[in-house]
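Participant: Residue numbers (the working numbering), protein chains in the order written: chain A, 1 to 107; chain B, 1001 to 1107. Virtual Cβ for every residue (Gly too), placed ideally from N, Cα, C. Just so it is clear, the structure is predicted and the values come from calculations on it, not from any experiment. Have a look at the structure that comes next, please.
There are 2 protein chains.
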Amino acid sequence: MRIISYKEVEAEEAEGSCKLKIRWLNNEGSRNFAVRHIEIESNGYSPCHSHPWEHEIFVLEGNGTALGEKGAESISVGDLISIPGEEIHQIKNTGRSTLKILCMIPK
Amino acid sequence: MRIISYKEVEAEEAEGSCKLKIRWLNNEGSRNFAVRHIEIESNGYSPCHSHPWEHEIFVLEGNGTALGEKGAESISVGDLISIPGEEIHQIKNTGRSTLKILCMIPK
């Protein structure tokens, strides 16, 4: 068992994003999927892109929008956003406070 | 893309647990891993057990302990607990408020 606070993990920038910090929490841990903690400041966003792997995103704090093939939908604390592989997607912070999300991807 | 609040998902009890509610958030979604939202009331706990699959657990609210092979360690908001397959484990709520965690397992 390994316990780590997200605050102990170094934050990185992500290509194509704006006002976004990402922390890879379990690079040494999981054999099946990566858990990333992402903070997006007000008016910031993740890259608008698609890729073969799926995302499972849980909203920890704040609110914003999730853009998918059918347009943008509001997201807020307690929402799970399931994005299948190959679907275009982008998360934006449309609120005033920091949007914090947990984003899981298969390894 | 599919968005669902954990509050829209029916809570279930889990065998061997006490004062615990579990919600399977993405039964229809992910092909690779399940995301479960778990609430444990004060003095409640998850089953003390082991199994072949790993856990990745993120603490959303509250605090408690995570028991592993090396004994119990404190856990609080923002911690990621990585439990490899076959390691015995148990989560307890040792605080006063509800302990809320997100627990991911491979499918």
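1) Report the residue from K21/A, N32/A and H49/A whose alpha carbon sits nearest the alpha carbon of Q90/A.
2) Kindly list the residues whose CB is nearer than 6 Å to the CB of N1093/B, restricted to its own chain and excluding five residues on each side of it in sequence; keep chain order.
3) Using a Cβ-Cβ cut-off of less than 8 Å, give me the residues of the segment 59–73 of chain A that come near chain B, in sequence order.
4) Just how far apart, CA to CA, sit G1095/B and S1076/B?
5) How far does the beta strand (DSSP E) with H1055/B in it extend, from its first residue to its last?
6) By how many angstroms is the C-alpha of L60/A removed from the C-alpha of G1062/B?
7) Going by beta carbon distance, what residues of the same chain come within less than 7 Å of W53/A, once the five residues before and after it are set aside?
8) Anyone know if the C-beta pair for I38/A and I22/A falls short of 7 Å?
9) Going by alpha carbons, who is nearest to S1030/B out of Y6/A, I101/A, I81/A and A72/A?
10) Could you tell me the boundaries of the beta strand (DSSP E) in which P106/A lies?
11) Using the beta-carbon of each residue, which ones in chain A are nearer than 8 Å to G1095/B?
12) Name, please, each residue of chain B whose Cβ falls closer than 9 Å to the Cβ of Y6/A.
13) For a cutoff of 7 Å on Cβ pairs, would you count N1032/B as touching chain C?
Facilitator: For this structure:
1) H49/A
2) I1040, S1042, G1044, G1064 and L1099
3) L60, A66, G68, E69, K70 and E73
4) In a straight line, the C-alpha of G1095/B is about 10 Å away from that of S1076/B.
5) In this chain, the beta strand (DSSP E) harbouring H1055/B covers H1055 to E1061.
6) 14 Å
7) G85, I105 and P106
8) yes
9) I81/A
10) L99 to P106
11) Those within 8 Å of G1095/B in chain A number zero; the least Cβ separation is about 16 Å.
12) F1058, G1078, D1079 and L1080
13) Given the protein chain composition of this structure (A and B), no chain C is represented.
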